[in-house]
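Participant:
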Amino acid sequence: MRPTVNDPTPETEPNSEPVSIESAGIEQAPVDPSAPAQDLMSQVDRAELPSTEQPVKTAGRAGRDLGAALGISLLLGVVIVGSLLLYRPAFAIIVGLAVIISIWEMARAVEGTGVQVSLAPMFLGGLSMVAMAWFRGVDGLAIAALLTIFAVIIWRLADGASGYLTSAATSVFIAVYIPFLAGFAVLLAVPDDGTKRILAFMIAVVCSDTGGYAAGVMFGKHPMAPTISPKKSWEGFAGSVVTAAVFGVLMLTLAFDGQWWQGLIFGVAMAVTATLGDLGES
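Each position in the sequence shown, counted from 1, maps to that position plus 3 in the numbering used here.
#1: Which of the three DSSP states is assigned to A101 in this structure?
#2: Could you tell me which residues DSSP pairs with A145 in its beta bridges?
#3: Quick one: what does DSSP say K199 is sitting in, helix, strand or coil?
#4: Quick check on the DSSP output: the alpha helix (DSSP H) that includes A228 runs from which residue to which?
#5: Could you check what DSSP says for S165 in three-state terms: helix, strand or coil?
#6: Provide the residue span of the alpha helix (DSSP H) that contains S232, from first to last.
#7: Given this structure, state the Cα-to-Cα distance separating A136 from I146, to the nearest angstrom.
#8: What does the alpha-carbon distance come out to for the pair A154 and G166?
#9: If you drop the 5 nearest sequence neighbours on each side, which residues of the same chain put their C-beta closer than 8 Å to that of R91?
#10: For F259, does the three-state DSSP call read helix, strand or coil?
#11: When we look at the beta-carbon of L144 and count the other beta-carbons within 10 Å, is it buried (16 or more) or exposed?
Below you can see the structure in the form of structure tokens.
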């Protein structure tokens, strides 16, 4: 006889079996039946349930995956040094590829805010700046930069007046910040001692970054810009300045027959500009 609506006994399947705590995979804590009711409830609460949480992989204290950063840096260093030693014009090609990738990444970073970046003229203009820097020097780089800025401003007109000023200004900033500054790296490689110049630049950046990382991890307590880059500390900045300055003095005196104070200025300038660049990107 099926239960009626007023029948409190629920209908069950004839072959259903009750699920036990053991079959559910739950470890039952021992319960003392002689304990008061409140103690019994607290004992039940202490029963260990199977955890479904996955361990979270956290970055290091400095906010980065050190192994991945070292591996990528080593690979890039081998490629760049190889191009300088084997075929120096290949360095300009590598810079051009880096410019295209950097422009694309920067455009993706700002597109979430509704800014329309003029990618086509920036790609073409970026490659033009690199090529003109190699073949025509500073004058060629300046002319290519001006033409690129003019092109991105005109290109944005096709999308209408809505948000024009913000989008055009952002495109001009990217054109100056990435390909124009990258052109100076190409200018360093043009002279006969260009390989030494590029190596000095690269090693100074590595020394600045490594010294800042080590000092920040060991002594970092006072953030430089908590709202922009919480992991960057004044102690880390001091480590960057010291290591870059020491390298600058050694490099300028031993490899370029310069004065020690020139190397000191070079190292300090590299540390300061690298730090400002990191903060500006953040």
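C-beta atoms are modelled at their ideal positions from N, C-alpha and C, and glycine is treated no differently.
Small disclaimer: the values here were computed from a predicted structure and weren't measured.
Facilitator: This is what the structure holds:
#1: Three-state result, A101: helix.
#2: Looking at the DSSP assignment, A145 forms no beta bridge with any residue, so it has no partner.
#3: helix
#4: Taken as a continuous stretch (DSSP letters only), A228 belongs to no alpha helix (DSSP H), being part of the beta strand (DSSP E) at 226-228.
#5: DSSP places S165 in coil when its eight states are reduced to three.
#6: Unbroken run through S232 is the beta strand (DSSP E), 232-236; no alpha helix (DSSP H).
#7: 10 Å
#8: 17 Å
#9: A192, G197, T198
#10: Coil at F259, not helix or strand.
#11: buried
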